[in-house]
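Structure, as structure tokens:
Protein chains in written order, with this note's numbering: chain A, 1 to 379; chain B, 380 to 566; chain C, 567 to 1046; chain D, 1047 to 1208; chain E, 1209 to 1639.
Okay, here's the thing in structure tokens:
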């Protein structure tokens, strides 16, 4: 029991630091990547001076994130004169917390056997193994949808409680957009569930560890490329980022539902957005990119097609798997940023039309085709 | 009925399929990203922007209107004769000149005691340069470190304008005065 | 009266008048440099040529020396005239340095105007310009630039015909003639010498005090009256235009100074001239100002001082007022209306002639160095300035009264604009506005009333005398 | 100048009443004959005597070429350079004089004996070229005559005679 | 100089003493004065008017008309000035009268003063003239001593004072109004007309100013009578003209020429032709302010106003200058313009600036730095000076310049193009 608790705490600590780290680093990546994409340098002004010297550490502008955080913390917290200050105060947290919670069900590695890492640990942990996942739940994917659906409430609360027309309109937009794409999101994932026959994310990942046709990794994206595309698009829309960032529209609605938020409250919204990028990355990785799997890799080491195999110690396997997961997540995040700085945004009507008239039918079609295929192959 | 615009894009099927075009766009921006990233990683500069002010551009257009320079005569005194033409023509009225009188210098008896430009209001239009009859004020193509912490420190005075010489010496070779036709003035 | 036709307009002019005078009277403009309505006609600039139609066709001659004759037909802008004027402008600018950039006259220079109007072209000369003395000190007040001089001799004639100092002359001959001051220095002692600066049609004669101080288009003239003596010459006070105010740090004060003083032509008083003292009146008006009310030398709020003065006035048995001869008619009238009945009123001279000053002459300068003695005496009588020994309250208005004359023990209420030691000796002291800070009228020795106009805002803390008297009277009247 | 006042008084008699101003020029000429030039004290005295504005005297002095306010050499050689004289060789005459005296036109020899001046027409065109020595015309000059003239004058000075 | 034709002035033999009162009286001097004093003043004016005498100062204004303007007003002061300020280069005829016939002038001035009601007369003599001054001053002193001047003469109540006023070196004093300004003791600034000097002249009083030669003719006119005088010369130019000839001529000097005398003959025979037998290039007819005439042009002309004026020039002051072939006209004009620049009084703009300008231009041309436009500039300046100046000096310089430019433009163009003179810059006539 103690061992379970320790492991859970370690995992939770790891998850939080990963998410926070991603949230922080993505602000920097977003800036820098955008700059590099557009032939610029990007943020590079914030520095830390080594005390009593003139040496200034710039470090490629990494400290901008820190400066942002400090700024948000120190700024005056303007509050609108609202009748619903409780909702106003709680809304950022309602947005922020579910985003963090989603990560609880996502496997960020294979199995961890502490005794294999270091002998003395066997005293505490025995030779038990734990899947590297905070909550090993059979309903994993459902939990994901359940929590991510909560952020809509946060956005609506924020918009409503700000007692500002722009905020309310922004919140309405956010709400309708998120609900619409939530649907698409769900439908796209249904195909995978049909194939893998489970909603347990760990099981889904393990399903993806093999190969297909002898050489292709058995990733979701190989089985469901179409669904992968739709999923990513819908997820971005869910996160309200370009090209679907209609809830925030400076020229029409200022900052949308969080117009009236300032200082760290506003920071929470922003932070939630960046963490959500990471969450989307993690989900996409888990569902379509094989999670922590590297192609041809097993819990014991590599087994290449053609019989060659490389055995690895457990510690190396664990680290490789965790690293693989993080790398995949990072790449997906980076891809999202690439999309954000590439595509022009939609008009608001187009956003909804796109969801209901284009993606929804496509997702349905994909589901039907998948169902037929699974039925045919299975029978 | 939807309004037809004269510049409405004509899209073929491929373009209307959306996804390929998106991929093409991503390929373009991604290509730029990869190329620039490669440059950065190999120690080159993958950006057009400059690290201002540590790094200033060397390729300002020659016609760029940067900060003002007061030119000097060969002896180092300002070329300016304090005629106030620049101050008069200035649309933002940012130039203030106080004239002095030096009867000893027969060729240039009027000189600026005070020549100040308020850069907090200057619009860098260059009319002062056009108006100057003496080629005493120019605008260097370089842009200097102008920002300041309060508006009063954005008044730059004669000394600063004279000494700021990004292109080195702006002393103008001044032709020798024409031979003086003797007159009946008593010696 | 001969009738003549100028540019197709038939006009009538008195016999003996010249074409120039007739045209000027009729509002037809003929250009001129050397001609001046108040001076003799030398006819040397040759710019005022007009065409006269004759049997033999049109011939050109200078208008300033041409008497009108019956049936004369004059053209001021014919082909021939234009050609002549252009040629003359070419001559005039031949050796003129055209250094308008550093010339204080630029902007109000006849030569500039005419150049645009009648020439507008570059010089056809390719030879180097003849040089002459660039800065010749004509007197301690005036600098002469011989290169700019077009030798119209207006200045020379002014010293011969108006100021009669014979201070200037043309020396040498041909194109190296030079205006020079007489060597015994009598020009420096000419109290009207600065008028030559105004009548100089170009920038040859420059005032040392105004030298390079400002371009004239930065300045604005405000009609005013010279307070230097009881002649009350009308003058223009030139000060910075609001749109050209200086903004640089430390330059604000310059926006509210009188940069120069020029005569404002007034046939009834001074004609087109004023004396040098009038030119320097900024020195008098620019002295340090008193800006806070005081009670026995201690700074006080204006309202408190008014209350104190009211109680003093109410308590006085024999109040005497000594009014200023620098006060405007409006202020004097306000005093009379408000407090005239309560006080016995005497008029004092604020300023006495200073050592070295020309006390009086037969041109303009008057012995009484106060602008409004006549106005004050008209209201308060001619009584000599003798304070009754039993006066127990003396209201002194303006500077120049020896406080030793005030009976010991008498309370003193003092109104003065300047920062002076007496201010602290008064029981109640009020700082008042000066001429440039208010509108008003002065009446000169001959009874001619001239108006002056406000140039600058009244400094904070300085009282308006008219309002002050009303305020003092409110309580004083009520107390009785 | 004071000692000349009786002479001026006599001169005045010839003039009509009110012609004091006219006497400026004759008086200045007389003063210059007396002193060789017109000094500051002469101007002051003349102004005082004639009661004319001083500026008039100064103007006249600066205008007329024959009047001067600075002393010059004992012999004033004025060589005409106008048209008729030039056509008969005045330029050579002046150049020769200049060489012989070692001074440029307008200058005085270091010993103060000669001052060489170029002047415009002296009204002796028929007998050109002409050189005026103080008041006297020397006409039809040639190089030889010039040499002789200058030598004679110089000899006279050396002998101490007039 | 001997010269065919009738004489009015040079009608006696010049000897070292011929200028004295004694010899003048012996020649019949002052007899005419006695005769004149018996006439009414108005009759004298009438006689002079009838004689058709033209002024000899240069403008050829009829003397009678000038006198006629000045009506003698009793009680009003009038002045007479004899203009002996002979400053025009090439002119030295008055000097001859002053040196050799001073009493003729004195007598003439007495007659004129009587005619015009003048009590005070002036002889304004140029400052450089020393001998002429001593001669005229001597003659006046003699006349005072003899009682012709200073007190009533010949039993009438007419008395005259003559003052010899010496200039001090200024060409402008030869201009009538400049002259009177100079007599007033000021700078000789010419005055604007109107008012005319005969209305407001010296000290604002009516003043008549006549050339010495014009005045010298008066005695002759009164002596012989107007009718007789008119027989001399031509119908339109009665009398004689003193011609002072100089330049490249064999026999320079003063000649009295009867109007209507053939010009070419005068030059070739009476004056002995050109110096060193050179060919004649042109001639300045009457002082440098008249336009030059080429040899070919003067061939058909006679020496009288009606003949010379149509040729575009004038007899002027009779100061003739003969110019031989091979003389550089550019240098010649330089000398002239230098003179005009030096002598401009500086009062009015066109002359003050124009003279210096023209001088600078011609100096530049002679230095070899001329540009083709300079010729146009000289023309333009001359044109701008024509009739725009207070006195005639601006016109005079313009005439001289235009006269030479019109006829010798090629020399100027040659000089400007080749940067050197066509004739080595020569002014002298080489043997």
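Yeah, the Cβ is synthetic: ideal placement off N, Cα and C, and Gly gets one too.
All of these numbers come straight from a predicted model, not from anything done at the bench.
- When DSSP states are grouped into helix, strand and coil, residue 1287 of chain E belongs to the strand group.
- Unbroken alpha helix (DSSP H) stretches of 4 residues or longer found wholly inside the stretch 73-158 of chain A: 85-102, 114-117 and 122-125, given in chain order.
- In this structure the stretch 1430-1438 of chain E does not lie against the stretch 1593-1600 of chain E, because fewer than three pairs of beta carbons, one per stretch, are closer than 8 angstroms.
- Straight-line spacing of the CA atoms in residue 1090 of chain D and residue 1108 of chain D works out to 16 angstroms.
- At a beta-carbon threshold of 7 angstroms, the residues of chain D lying near residue 736 of chain C are 1105, ordered along the chain.
- Using beta-carbon distances, residue 1632 of chain E does not count as an interface residue toward chain D, since no partner is under 8 angstroms.
- For residue 80 of chain A, the closest of A:265, A:124, A:249 and A:293 by C-alpha to C-alpha distance is A:265.
- Excluding sequence positions up to five before and after residue 1189 of chain D, its CB lies within less than 8 angstroms of the CB of 1138, 1139 and 1142, all in the same chain and listed in chain order.
- In the DSSP annotation of this structure, the continuous segment of the alpha helix (DSSP H) that includes residue 1072 of chain D starts and ends at 1070-1081.
- Put simply, the backbone Cα of residue 1333 of chain E is about 9 angstroms away from that of residue 1344 of chain E.
- Counting along the chain, the unbroken beta strand (DSSP E) around residue 1162 of chain D starts and ends at 1160-1165.
- Collapsing the DSSP output to three states places residue 736 of chain C in a strand.
- Per DSSP, the continuous beta strand (DSSP E) segment holding residue 702 of chain C begins and ends at 702-705.
- Distances from the CA of residue 893 of chain C to each of C:987, C:1009 and C:863 were compared; the closest alpha carbon is that of C:1009.
- Under the Cβ criterion of 8 angstroms, residue 534 of chain B is counted among the residues facing chain C.
- Contacts with chain C at 8 angstroms (Cβ-Cβ) include residue 1554 of chain E.
- Taking a C-beta distance under 8 angstroms as the contact criterion, residue 959 of chain C and residue 935 of chain C do not qualify as a contact pair.
- Interface residue (Cβ-Cβ distance to chain B less than 8 angstroms): residue 349 of chain A is not classified as such.
- Scanning the stretch 471-551 of chain B for uninterrupted beta strand (DSSP E) segments of 3 residues or longer gives 474-480, 489-497 and 516-518, listed from N- to C-terminal end.
- Scanning C:805, C:824, C:790 and C:921 for the CA closest to the CA of residue 836 of chain C turns up C:790.
- For the stretch 1156-1173 of chain D, the residues whose beta carbon sits under 8 angstroms from a beta carbon of chain E are, in order, 1165, 1166, 1167, 1168, 1169, 1170, 1171, 1172 and 1173.
- In this structure, residue 1405 of chain E places its C-beta atom within 8 angstroms of the C-beta atom of residue 1384 of chain E.
- For secondary structure counted as the beta strand (DSSP E) over 3 or more consecutive residues, the stretch 1349-1385 of chain E holds these complete runs in sequence order: 1369-1374.
- In the DSSP assignment, residue 419 of chain B falls within the alpha helix (DSSP H) that extends over 398-420.
- Contact fails between the stretch 237-252 of chain A and the stretch 53-64 of chain A, because fewer than three Cβ pairs, one in each stretch, are under 8 angstroms apart.
- Here residue 777 of chain C carries a coil assignment [DSSP, helix/strand/coil].
- Here the alpha carbon of residue 198 of chain A sits roughly 36 angstroms from the alpha carbon of residue 395 of chain B.
- In the DSSP annotation of this structure, the continuous segment of the beta strand (DSSP E) that includes residue 1490 of chain E starts and ends at 1488-1492.
- Flagged as an interface residue toward chain E: residue 691 of chain C, by a C-beta distance shorter than 8 angstroms.
- Cβ-Cβ separation between residue 1456 of chain E and residue 1370 of chain E: approximately 39 angstroms, too far for a contact (criterion under 8 angstroms).
- In the three-state reduction of the DSSP assignment, residue 724 of chain C falls in the helix class.
- In the structure shown, the three-state DSSP call for residue 788 of chain C is strand.
- Contact of residue 342 of chain A with chain B by beta-carbon distance below 7 angstroms involves 404, 405 and 408.
- Cβ-Cβ distances below 7 angstroms link residue 1616 of chain E to 1537 in the same chain, with the five nearest sequence neighbours on each side left out; the list follows chain order.
- Look at residue 288 of chain A here: in three-state DSSP terms it is helix.
- With respect to the 8 angstroms criterion, residue 1241 of chain E and residue 1339 of chain E are not classified as neighbours on the basis of their beta carbons.
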